[in-house]
Amino acid sequence: MPELPEVETVKRTLNDLVNGKQIESVTVRLARIIQRPDDIQAFANLLAGHSIVNVERRGKFLRIVLDGLVLVSHLRMEGRYGLFSNEDPLDKHTHVIFHFTDGTELRYTDVRQFGTMHLFQIGEDLQLPPLNKLGQEPLEPSFTPERFKQIVSGKSTKIKSLLLNQEYIVGIGNIYVDESLHRAGIHPEVSAKDLSDEQLDQLHHAIVSTLTEAVNAGGSSVKSYVNGQGESGTYQQQLLIYGRKDQPCNHCGTMIEKTVVGGRGTHYCPSCQRKVEN
12 MPELPEVETV KRTLNDLVNG KQIESVTVRL ARIIQRPDDI QAFANLLAGH SIVNVERRGK
72 FLRIVLDGLV LVSHLRMEGR YGLFSNEDPL DKHTHVIFHF TDGTELRYTD VRQFGTMHLF
132 QIGEDLQLPP LNKLGQEPLE PSFTPERFKQ IVSGKSTKIK SLLLNQEYIV GIGNIYVDES
192 LHRAGIHPEV SAKDLSDEQL DQLHHAIVST LTEAVNAGGS SVKSYVNGQG ESGTYQQQLL
252 IYGRKDQPCN HCGTMIEKTV VGGRGTHYCP SCQRKVEN
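Be aware that the sequence shown starts at 12, since it is given in my numbering, and climbs by one per residue.
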C-alpha cells in the first residue's frame with residue numbers, strides 16, 4: 012500500500028499535470044470505487060463543469076480540491092492515476108475517467124479494485140469519514156519531539172502497532188515504521204510507555220528523516236507503485252531493514268530477522284534492536 016512518501020509524490024506530480032483543468036464529464040466503470048455519493052450518476056453530475064484547483068494530501072489520502080468540491084481518494088494496494096489523451100487506448104483495469112475540456116483524461120486504474128473515492132462540499136471532508144479521525148501529520152512543523160511524546164505517553168501498545176495506527180500519526184505504514192525503528196535502535200515489540208525520553212527523541216528524528224528522504228527519492232517502488240507520471244520511486248535502494256530478511260545488517264553484520272507484530276510482517280536486527288524494556 013502506498014504510504015506517505017508515495018502519496019506525497021503522486022500529489023506533487025498530479026499538481027503538475029491537472030491543476031487548472033476543467034472536468035467536462037466523468038465515466039465510472041466500477042461502481043464500488045465510488046463511496047460517496049452512493050449513486051455513480053450523481054457523482055458524475057456533481058463533478059461536471061468543475062475545475063481542479065489543487066491536489067493535497069492528508070495522511071495516505073489524496074484531496075483533489077476543486078472549485079467548491081473536494082474529492083478524497085485512497086489508492087489502497089495498487090491504485091494509480093495517469094493523464095492521457097482521449098485517443099489513448101484504455102487499460103482494462105481503468106475504473107474511473109475524468110474527461111477534461113482540453114481533450115485529456117485523468118484515469119484511475121486499480122488492478123486490485125480496493126481504492127475508494129468520496130466527494131464532499133468544501134469544508135465537509137475533514138469533518139466526516141474517512142478523514143475525520145486521522146491523527147498528527149509527521150512532516151508538519153507541529154510534529155515536534157514534545158508533541159510526539161504527548162502522543163506516545165502512557166500507552167501500553169507495542170511501539171510498532173502504535174506507529175501504524177492512523178489515529179495517532181498518519182501516513183506511516185509497514186515499510187517506514189520498520190525503517191524508523193531500525194534507525195532509532197528500538198525493538199518493534201517494546202511497549203510505547205517503556206521508551207525513555209532519549210529513545211523517543213531518537214525515534215522522532217528517525218521518523219522525520221526517513222520520511223523526508225523517502226519523499227525526496229519519490230517513494231519506494233517495492234511492488235507496483237508509480238507516481239502520476241508513471242515513474243517508479245528509488246527509495247527502495249536505500250532501505251536498511253525492510254525486505255532484507257536473512258541479509259546482514261549494514262551496521263553490525265547480524266542477520267536481519269522477520270517476525271509478525273500486530274498482524275504485520277516486521278523486519279528488525281536482533282543486535283541493534285534489542286528488546287530491553289525499562
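Where a beta carbon is used, it is the ideal one built from N, C-alpha and C, also for glycine. Remember, predicted model here, so these are calculated numbers, not experimental data.
In this structure, the beta-carbon distance from Gly229 to Gly244 falls below 8 Å.
When DSSP assignments are scanned along the region 87-152, the uninterrupted stretches of beta strand (DSSP E) that are 3 or more residues long and fall wholly within it turn out to be 90-96, 105-111, 115-121 and 127-132. CA-to-CA, the gap between Ser231 and Ala225 works out to about 7 Å. If the five residues before and after Pro149 are omitted, its C-beta is found closer than 8 Å to the C-beta atoms of Leu15, Ile180, Val181, Gly182, Ile183, Ile218, Val219 and Leu222, all from its own chain and listed in chain order. If you draw a straight line from the Cα of Lys269 to the Cα of Pro281, it is about 10 Å long.
A straight-line Cα-Cα distance of about 6 Å links His278 and Asp189. In this structure Lys103 is exposed. Its beta-carbon is surrounded by fewer than 16 other beta-carbon atoms within 10 angstroms.
Between Leu86 and Phe131, the gap from beta carbon to beta carbon reaches 8 Å or more. Counting of Cβ neighbours within 10 angstroms places Cys283 among the buried residues, the total reaching 16 or more. Here Phe154 is not near Arg118, since their CB atoms are 8 Å or more apart.
For Tyr246, no alpha helix (DSSP H) encloses it, and the DSSP letter there is neither H nor E. Following the DSSP letters along the chain, one finds Tyr279 in no alpha helix (DSSP H) but inside the beta strand (DSSP E) bounded by residues Arg275 to Tyr279. Of the candidates Ile63, Thr112 and Val39, Val39 places its Cα closest to the Cα of Ala53. Remark: C-beta atoms of Gln240 and Thr105 do not approach each other more closely than 8 Å. Counted as a single uninterrupted DSSP element, the alpha helix (DSSP H) harbouring Ser191 occupies residues Asn185 to Ala195.
The beta carbon of Val29 lies closer than 6 Å to those of Ile63 and Leu117 in the same chain, with the five residues before and after it left out.
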